[in-house]
Amino acid sequence: MKINKLSILFLLDKTKMNKQGKCPVRCRMTYFGKRKLFSTGLFINPDHWHSKYQQAHPPNKENDFINAQLSLIKQQINQAFLLLQYQGESFTVDDIYRKFKGEPESKEKAVLEVFEEHNQRVKKLVGKDYVMATFWKLRQAKELLASYIKFEYKKDDYAFKDLDLGFIKEYEFYLKSEKNLAQATVYKAIQRFRKIIKIAIAKRYLDKDPFILYEVKRPKKQVVYLTPEELKKLEKHNFSQRRLQEVKDMFVFCCYTGLAYQEMADLEPKHIVKGFDGKLWIYISRKKTNRVVSIPLLPPAIRIIEQYKGGSKVLPVISNQKFNSYLKEIADVVGIEKKLTHHIARKTFASTVLLYNNVPMEIVSELLGHSSIKITQEHYGKVVQKKVSEEMKRLSRNFKKQHLKSKKK
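Quick note on this note's numbering: the sequence shown kicks off at 177 and runs consecutively.
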C-alpha cells in the first residue's frame with residue numbers, strides 16, 4: 177500500500193443480523209497501515225450484497241438507495257481526505273474520520289505515528305541530507321519500539337500524554353531481557369527514541385520531557401586498529417590469489433587515507449587533484465555527513481593508486497560483504513589476531529598513522545571528516561592517552577640512562 181493512499185472498503189457484519197434478516201453495513205478506512213471501522217447506519221439482506229463490486233443488487237428501490245448512500249459516504253470521505261492533504265499537516269486515519277463526521281480535528285499524537293512521519297521525511301531526503309543506512313536504522317528503532325508497545329501494552333501505538341520515566345526504563349529492560357540486545361545497540365535504540373520525544377516536544381504534542389531524570393549507560397567502546405607492526409606486516413605480504421591481493425591493497429590504501437567503504441568504492445580519478453602545495457590530494461564528499469573532505473595522499477597510498485591506474489574507478493570494485501569476508505582470510509594468512517573489517521582501516525588511519533605520529537587531534541578530526549572534534553575525542557581519546565603513556569615510559573627510560581651515566585662519572 178502506498179503511503180499516501182486511502183483505502184475505503186464496505187463490509188457486512190453478519191454477526192449482528194436483525195429480525196428482518198438484514199445485517200449492518202460497515203465502512204473500513206485504511207491509511208498509513210492503520211484502520212478505522214465504523215457503522216454506516218445502513219442494513220442489507222446479505223444475499224443482495226456484491227462484495228467485489230461493493231454494491232447491492234439486483235436493482236430495486238431499496239438497493240438503489242443503499243448504493244446511493246454508500247457512494248455518498250465514499251465521496252465525503254475522499255473529500256475529507258483531500259482537505260487534510262491540502263492543509264499540508266500530517267494526519268491519521270482517525271483525523272480523516274473526524275473530518276468526515278465534521279468533528280474537531282484531534283491534536284493528540286501517538287508515539288509510533290510521529291516516529292513513522294519522521295522516518296518518511298528522512299527517506300525523502302536520502303541522497304541529500306541522509307544516507308539510506310540512516311533510514312534503515314531509524315526504521316529498525318521504530319520496529320523495536322513497536323514490538324515493546326505490543327508486548328507490554330497489547331496496543332498498536334502509545335499516546336504521548338501517557339509517556340513517563342517508567343515507560344523508558346521498562347523499554348530499556350525489555351530490549352535487554354526479551355531482545356537480548358547488547359548495551360551499544362540498546363543505547364542507540366534509546367537515543368533514536370529520544371529524538372522522537374524532542375520532535376514531539378517541539379511540536380507541542382508533549383508538555384514534559386520524560387527523559388529528564390533518565391540516564392542510560394553509554395557503552396565503553398574499545399578502538400580496534402592495527403599497530404604499526406601489524407600494518408607493516410600486512411603491507412609486506414604478497415598474496416598469490418589476485419582477489420586477496422586486491423583487497424589487501426584496498427585495505428592498506430584506506431589505512432593511509434581514512435576513507436569509509438562507500439567513499440573508497442566511489443573514488444574516481446577526478447577526486448584526486450593537485451593541491452595548493454603541489455602534492456596529490458583526495459577531494460571527496462563524505463556520504464555520512466555530506467561534508468567535503470580533503471586528504472593529502474601519503475606515499476603508500478600513491479603507490480597503490482599507481483598499481484590500479486587506468487580504470488573508471490581508482491580501485492577495484494567489490495561489495496562490502498565480500499570485502500570483509502576476504503579480510504578474514506587475509507588476517508588468518510598474515511597472522512593478525514583481530515577481526516578485520518573495512519572500518520578498522522579507518523581507525524588505523526586515525527590511530528597508527530596520525531595520532532601515533534603526533535598529528536594534533538583537530539587535524540585528525542578534519543581528515544576523518546567528523547562533524548565535531550568532540551566525536552574524534554570521544555573515539556580516540558584513549559589512543560592519545562596510550563601514546564602519552566608510551567612517551568612517558570620512553571622519557572622515564574632516558575632519565576634512568578642519564579642517571580646511570582652520571583653515577584658512573
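The C-beta atom is built at its ideal place from N, Cα and C for all residues, glycine as well.
Predicted model only: the values in this text are computed from it and were never measured.
Inter-residue CB distance, residue i and residue j (contact presumed, cutoff 8 Å)
i: P174; j: E422; result: Residue 174 lies beyond the stretch modelled for the chain, which goes from 177 to 585, so this question has no answer here.
i: F387; j: I373; result: 6 Å
i: T524; j: L402; result: 4 Å
i: L213; j: C199; result: Rounded, the Cβ-Cβ distance is 15 Å, inconsistent with contact.
i: L382; j: L339; result: 7 Å
i: F327; j: E292; result: Their Cβ separation, rounded to whole angstroms, is 19 Å, which puts F327 and E292 out of contact at 8 Å.
i: V400; j: I520; result: 6 Å
i: L389; j: L341; result: 6 Å
i: K409; j: V510; result: 6 Å
i: N243; j: Q231; result: 5 Å
i: C203; j: T191; result: Rounded, the Cβ-Cβ distance is 17 Å, inconsistent with contact.
Start and end residues, beta strand (DSSP E) containing residue i
i: S470; result: 468-472
i: G511; result: It is not in any beta strand (DSSP E) - G511 carries neither H nor E in the DSSP assignment.
i: G342; result: From DSSP, G342 is part of no beta strand (DSSP E) but of the alpha helix (DSSP H) over 341-353.
i: R327; result: Checking the displayed sequence, the identity of residue 327 turns out to be Phe instead of Arg. Note, F327: premise wrong, no beta strand (DSSP E); alpha helix (DSSP H) at 308-329.
i: R204; result: 199-207
i: L185; result: 183-188
i: L456; result: 456-461
i: I448; result: 448-450
Alpha helix (DSSP H) segment containing residue i, residue limits
i: R380; result: Unbroken run through R380: none, as it is neither H nor E.
i: M426; result: 418-431
i: F291; result: 287-300
i: P475; result: 475-483
i: F219; result: No alpha helix (DSSP H) holds F219; the beta strand (DSSP E) holding it covers 210-220.
i: P144; result: Any property of residue 144 remains undetermined from this structure, which presents the chain solely from 177 to 585.
i: L258; result: 237-263
i: Q438; result: 437-442
i: H519; result: 518-524
i: F276; result: 269-277
i: E405; result: 404-412
Chain-order list of residues whose beta-carbon lies under 6 Å from that of residue i (same chain, five-residue window excluded)
i: V468; result: S461
i: M177; result: Note that M177 scores 35 on pLDDT, short of 50, meaning its location in the model is unreliable; the coordinates nonetheless yield the value given after this. Within the same chain, M177 has no close Cβ partners at all.
i: L473; result: L456
i: L357; result: L351
i: Q196; result: none
i: V269; result: M205, Y207, K210, K212
i: F267; result: L260
i: Q125; result: Nothing in the structure corresponds to residue 125, since the chain is present only between 177 and 585.
i: G451; result: W457
i: Y484; result: L491
Chain-order list of residues whose beta-carbon lies under 7 Å from that of residue i (same chain, five-residue window excluded)
i: K275; result: A256, L259, L260, E281
i: I375; result: V290, H294
i: I506; result: L420, V423, K424, L516
i: N194; result: F219
i: I471; result: T433, G434, W457, I458, L543
i: Y229; result: none
i: K331; result: I325
i: I377; result: D385
i: P445; result: V490
Neighbourhood of residue i by C-beta, 8 Å cutoff - its chain only, sequence neighbours within 5 removed
i: N295; result: F311, L314, R315, K318
i: N254; result: L182, I184
i: Y363; result: V392, K393, R394, P395
i: H447; result: I458, Y459, I460, V490
i: L321; result: V287, L288, F291, Y347, A365, F369
i: K504; result: K515, L516
i: S416; result: none
i: Y334; result: A286, V287, L288, I325, F343
i: N500; result: L516, T517, H518
i: H226; result: A232, H233
i: Q245; result: T216, L218
i: N574; result: none
Contact with chain B by residue i, beta-carbon distance below 8 Å
i: Y262; result: Annotation note: the requested chain B is absent from the structure, which comprises a single protein chain.
Residue i beta carbon near the ligand GTP (any heavy atom closer than 7 Å)
i: P404; result: Here there are no bound small molecules, and the ligand GTP is not part of this structure.
task: Take every Cβ of the region 473-486, pair it with every Cβ of the region 423-440, and state whether three or more of those distances are shorter than 8 Å.
output: Judged by Cβ distances under 8 Å, the region 473-486 makes contact with the region 423-440, as three or more pairs qualify.
- prompt: Are the region 236-249 and the region 295-304 touching by the rule of at least three beta carbon pairs closer than 8 Å?
  reply: The region 236-249, when compared against the region 295-304, does not touch it at the 8 Å Cβ threshold.
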